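Position in the sequence shown (from 1) plus 700 gives the number in the working numbering.
Every residue gets a Cβ at the ideal spot worked out from N, C-alpha and C, and that includes glycine.
Predicted model only: the values in this text are computed from it and were never measured.
One structure is given here, and the rest of the page talks about it.
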Amino acid sequence: MPALCLILQYDSTLPNPLERVDYALSHMNHALTRLIDEHEMLNFITQLLQKVTHKKHQVIQFPWKQRTYQFIVNTIPLNSPIELLVFEGRLLQDMQHPPTSLQFLNSLANNLPDMLWAKDLSGGYLFTNQALCDGLLMAKDTQEPLGKNDLFFAQREREKHPNRPDWHTFGELCLNTDDVTLEYMKPMRFVESGNIKGTPCHLEVHKAPFYNCEGELIGTVGSGRDITEEVNLRNALKATDETLKILLDATLDALIIYDAQYSCIHTNQNASKLTGYSIADILSRKVIDFIFPEDLPLIIENTNNLQKDVYPIKVKHQSGRAIDCMVRTQEMIWKDQPVHVAAIIDISEMTKSRKQLEDAQHIAHMGSCEINLITHQMHLSPEAYLIYGYQPNEIEFSIETAMSHVHPDDIDAFRTCFEQGVLQGKPSFSEHRIIDKHNTLHHVQHKSKPHKNKAGETIAVFATLIDVTKQVEAQQEILRQKDELAYRAHYDSLTNLPNRTLFIDRLSQAIDHAKQRNTKFAMLFIDLDRFKEINDTLGHSIGDEMLQQVALRLQSALGTKDTVSRLGGDEFTIILEESDTVEAVNQAIKKLGQSLSETIQLGQHNFHATMSIGAAFYPDDGQDTETLLKHADAAMYQAKGSGRNTHRFYNKAMTDSAVERLAMEVSLREALENNEFSVYYQPKIDAETNLLTGSEALIRWRHPVLGLVTPINFMSIAEETGLIIAIDRWMMREAMLQFKRWLSLGLTPGTLSLNLAIQQIYHKDFISFITDLMSEIDLKAQWIELEISEGQIMKDPENAISILKRIQSLGITLAVDDFGTGYSSLSYLKKLPIDTLKIDQSFIRNVANDEEDQAISKAIIALGTSLNLTVVAEGVETEAQRQFVIENGCHIIQGYYFSRPLNSEDMTLYMKHKSSD
């Protein structure tokens, strides 16, 4: 123990010992200050001086706070009556009651958070610590359990709650694991699960055989730890696997799931938008590939240490630019494997606002002032004057002047803060508003510190004043942006209706309420009829305006308790919580129809909107959100297939149709094997010359039972199953061989048009396949035209443009089929490497007397002509139709007016007939 040293200048004439000590001339070494708290030092010295008898040399023992000190005191006279006292001493240890080893061990055991115990061979306790008594046995102290076993305490707890036999179940569990430990005679680990005080609990227990000093087995010894939270966490992590897929697509965050090697194993579309990479590209990389090197330690640290804090990083975009983001990493179970999920939010706008906040702090002027509490005057710095709107020294400031500038709503809080500094003599802080000389509002931060005289009285207050108006405004802007993000996450930006995420949440709430009340309700799935035609022909701005007007009308037609949502595109859903019968739903649908019956004016065009509606009831048609939505969707498609502008209620037959589709798939595979397909050809005629310009190859299926089946009845299944690749290639080969035969007969077949599915041209070997096929049959590329439907192209226009350019480079011409029925963009249309536009027959059918069809057809012809494309009219059956398309500049016609589709023999005769004309 180092020596203790204290030197004091001492005035022996003063009567009060407290006044004899001049601390300004005192000295004490570190050994003493480590033992005596600085707040108690004055009292310590005062009582120590009472032991001094002013001898030149004196040895004293001084008890203080359960310690005894020994000091040698030397008195050195200075200028009378001042003396210098020098104390040199040491700390004496009190050894009268040294702690025993048993006391020490008991104290150690009772301070440990884990449960500790020892038992005899019958399970009776030999030793316990406080953690065991409090957490498991509910014993009053560590002596009570001695000689008793776990069953005793469990039964005692259960007797307190006779109606809860499961109130305390750990008695039997503990005894059972004791037996197992003694049976195997080695240290064992158990996870014991049961109830303590009626609450489920999990303990991690370690037990081992217990031997005495002679090596005799006398029982068991063990320790236990409550791991309930850890077990609950693991169970919760497993449960997330079921819902994560839905959350990935519903959230606005960019999400990336990665494994222990940082390889990306799942992501969502928002991550693709954020990084600029496709989902496939993301999944082929590691998550650290999207992070700049300086931020890699953050990702690694938060992954390895399982941190849950949100932290900033810069995400590397495909273009190389840095995007300010916030990320949070979380461990979870994904497909029975531990993985990490990173939720990433783009905070570029927030960073910009934060930068503005930092700039405001940098340029802010900090004013200062001194308040004289005796004169009530204030002395302000020039910057402080400016904050109040005055020129420096323009007026004389006082406390009253400052108070008069404080906003009325903040005056009480500011006065309380001010009085805290003045009356209590403590530093104070307040953030309040002031109104300056020019009536401008400022947000200020006020910090003050009292100044005291030697008597401890506060005589002045020093304060700083900072104008934080710009910081407050920047913070408010950040909060506004956060509110906007929260709104965007749940509402559709175009119509302001609840979006899919909020709809699913409200549908789930409706189900919960119906369960509680044992009631039923209905939901509607709505699809606007012919919306895509309007949107594609007249432009997206017109389409958006139509969606907005429809949304307003749907909302106005229903009650406030009914939820109208927009799922996306032209699809809407409605929850009718108070409609529990077919009659009530029919009435609601009637109101919806009436709301859309009036003409909708879009620009210079007038439209009558109609809907196809599917209805499903809870709980009859589904008892969860997914099933209910799926069945209402199926009913809507049934309504659309029934002619549109109608509604259907879900029934089981709609689900049974899935079985029929499976049977159709099997039949299609057999048709390929049994050569049941054939090719028909429909001529295309130049209306001006009446000459054959070519023909479109159309596949037909001669089913052994159903007879001749048209593509409309099997093509969708072929596309879904991937059989379309084999079917298309069979048709291409057969049609090209027939084309070669016509050439060998000296006929002029024109151009052979092959209608292909988009999956075909996207196939990795399609280019080589068609090149090899033309080479094998010896056909020139300019004789071949490929037709792809508009809707299929616009599903992925960028990819389609790339592939179509490669096809066109072979010399093959390209046509867009069914134009006007898909979801297209004029900006993409002008980029498409196409040669021909085909007007869909749905516009031609009523073109003679339907103004809308006339307007759309004219627009398509004008569009094609302006782009130097050949325009073909499909489905022309009457003279009026033929006359209309010719008059409006379309001269290539295909349809029953000239010929229905013909088999190869009849088409040969048709060509010969045309050649003889």
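Cβ shell of residue i (< 7 Å), same chain only, five flanking positions each side left out
i: residue 1130; result: 1113, 1114, 1117 and 1146
i: residue 1605; result: none
i: residue 1303; result: 1242
i: residue 1570; result: 1535, 1536 and 1592
Rounded C-alpha distance that separates residue i from residue j
i: residue 704; j: residue 732; result: 5 Å
i: residue 812; j: residue 827; result: 14 Å
i: residue 722; j: residue 1072; result: Caution is warranted here: a pLDDT of 47 is assigned to residue 722, below 50, making its placement in the model unreliable, and the coordinate value is therefore given only provisionally. The straight-line gap from Cα to Cα measures roughly 29 Å.
i: residue 763; j: residue 845; result: 41 Å
i: residue 1611; j: residue 1494; result: 36 Å
i: residue 1191; j: residue 1273; result: 14 Å
i: residue 1119; j: residue 1168; result: 23 Å
i: residue 1309; j: residue 1270; result: 11 Å
i: residue 1064; j: residue 1256; result: Because residue 1064 sits at a pLDDT of 49, beneath the cut-off of 50, its placement in the model cannot be relied upon, and the point is left open.
i: residue 1416; j: residue 1365; result: 10 Å
i: residue 800; j: residue 1038; result: Its pLDDT being 48, under 50, residue 800 is placed unreliably by the model, and nothing is read from it.
i: residue 1228; j: residue 971; result: 31 Å
i: residue 1059; j: residue 1014; result: Residue placement at residue 1059 is flagged as unreliable, the pLDDT there being 47, under the threshold of 50; a coordinate-derived value is accordingly withheld.
i: residue 1560; j: residue 1426; result: 33 Å
i: residue 829; j: residue 876; result: 21 Å
i: residue 1210; j: residue 1201; result: 14 Å
i: residue 1057; j: residue 1048; result: In this predicted model, residue 1057 has a pLDDT of only 39, less than 50, meaning its place in the structure is not dependable enough to derive any value.
i: residue 1040; j: residue 926; result: 26 Å
i: residue 1448; j: residue 1383; result: 12 Å
Bounding residues of the alpha helix (DSSP H) (the contiguous stretch that carries residue i)
i: residue 1557; result: 1551–1566
i: residue 1014; result: Looking at the DSSP string, residue 1014 is not in any alpha helix (DSSP H); the run it does join, the beta strand (DSSP E), is 1011–1016.
i: residue 876; result: 870–884
i: residue 854; result: 850–859
i: residue 1476; result: 1466–1477
i: residue 983; result: 979–983
Simplified DSSP state of residue i, which is helix, strand or coil
i: residue 1590; result: coil
i: residue 1117; result: helix
i: residue 1585; result: helix
i: residue 993; result: helix
i: residue 783; result: strand
i: residue 827; result: strand
i: residue 913; result: coil
i: residue 818; result: strand
i: residue 1226; result: strand
i: residue 1078; result: strand
i: residue 1613; result: helix
i: residue 1444; result: helix
i: residue 1618; result: Any answer about residue 1618 is impossible in this case: the structure gives the chain only from 701 up to 1617.
i: residue 1110; result: helix
i: residue 1032; result: strand
i: residue 832; result: helix
i: residue 931; result: helix
Boundaries of the beta strand (DSSP E) in which residue i is found, first to last residue
i: residue 888; result: 888–896
i: residue 1517; result: 1513–1519
i: residue 751; result: Element bounds for residue 751: n/a, residue is neither H nor E.
i: residue 1072; result: 1066–1072
i: residue 1131; result: 1128–1135
i: residue 924; result: 917–926
i: residue 1460; result: That residue, residue 1460, is in no beta strand (DSSP E); its alpha helix (DSSP H) goes 1458–1462.
i: residue 1042; result: 1037–1046
i: residue 1100; result: Looking at the DSSP string, residue 1100 is not in any beta strand (DSSP E); the run it does join, the alpha helix (DSSP H), is 1099–1105.
Residues near residue i in its chain [Cβ-Cβ closer than 8 Å; skip 5 each side]
i: residue 1062; result: In this prediction, residue 1062 has a pLDDT of 42, which is less than 50 and means its spatial position is unreliable; nothing more can be read from the coordinates.
i: residue 1206; result: 1198, 1263, 1265 and 1275
Own chain partners of residue i with C-beta closer than 6 Å, once the 5 adjacent residues on each side are dropped
i: residue 1553; result: 1543, 1546 and 1547
i: residue 1010; result: 1026 and 1028
i: residue 736; result: 744
i: residue 871; result: 850, 851 and 854
i: residue 1110; result: 1132 and 1133
i: residue 1597; result: 1576, 1577 and 1582
Q: Taking only runs that begin and end inside the region 1346–1433, name each unbroken alpha helix (DSSP H) of 4 or more residues, in chain order.
A: List check, alpha helix (DSSP H) in window: 1352–1374 and 1415–1421.
Q) What runs of the beta strand (DSSP E), each 3 residues or longer, lie entirely inside the region 1279–1337? A) With a minimum length of 3 residues, the continuous beta strand (DSSP E) runs that stay inside the region 1279–1337 are 1300–1302, 1305–1307 and 1311–1318.
Q) Considering only residues of the region 1228–1283, which uninterrupted alpha helix (DSSP H) runs meet the minimum length of 4 residues and lie entirely inside it, listed in chain order? A) If we require 4 residues or more, the alpha helix (DSSP H) runs fully inside the region 1228–1283 come out as 1231–1238 and 1240–1257.
(Q) Restricting to runs no shorter than 4 residues, where is the alpha helix (DSSP H) found entirely within the region 1147–1221? (A) Complete alpha helix (DSSP H) runs here, min 4: 1169–1190 and 1200–1217.
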